[in-house]
Amino acid sequence: MKFTMFKTPQPKNFTYRPRYYDKAKEERERRKAELGYESKLDHGENLRAMISQRWRKDDSEKSRSRFKVASYLVMATIIVGSIYVIFLTDFVDKLVALFGVGR
2 MKFTMFKTPQ
12 PKNFTYRPRY
22 YDKAKEERER
32 RKAELGYESK
42 LDHGENLRAM
52 ISQRWRKDDS
62 EKSRSRFKVA
72 SYLVMATIIV
82 GSIYVIFLTD
92 FVDKLVALFG
102 VGR
């Protein structure tokens, strides 16, 4: 054993506990807060979760509304186009003559 007059430096000990992000757990906690169950979120985080839920709801309603309008426009275009082709062109007459129906 070696004897020294001065204190030799020792490596410093520390406790390192790695942290990781668990997305599923965060979503569960946020959902609990939105539903009003007990959770670890404080009042500010709870309020933030409720506002976020309202925004998601509004966004989904807007996208549904846009989809309805677009689908109605497509259907109206198809109907108007069909009426135009049937009554205002001779396409149907040529089609009937081509297949020989009505002879």
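Numbering of the sequence shown is given in the numbering used here, commencing with residue 2 and proceeding in unit increments. C-beta atoms are modelled at their ideal positions from N, C-alpha and C, and glycine is treated no differently.
Per-residue burial, residue i [other beta carbons within 10 Å of its own, 16 or more giving buried]
i, result
"R31", "buried"
C-beta contact flag for residue i and residue j at 9 Å
i, j, result
"A25", "E35", "no"
"V93", "I87", "yes"
Nearest neighbour of residue i, chosen from the options [CA to CA]
i, options, result
"N47", "E27, G101, I79", "E27"
"Q54", "F15, L96, I79, K33", "K33"
What alpha helix (DSSP H) runs, 4 residues minimum, are completely inside the stretch 25 to 96? 44 to 89
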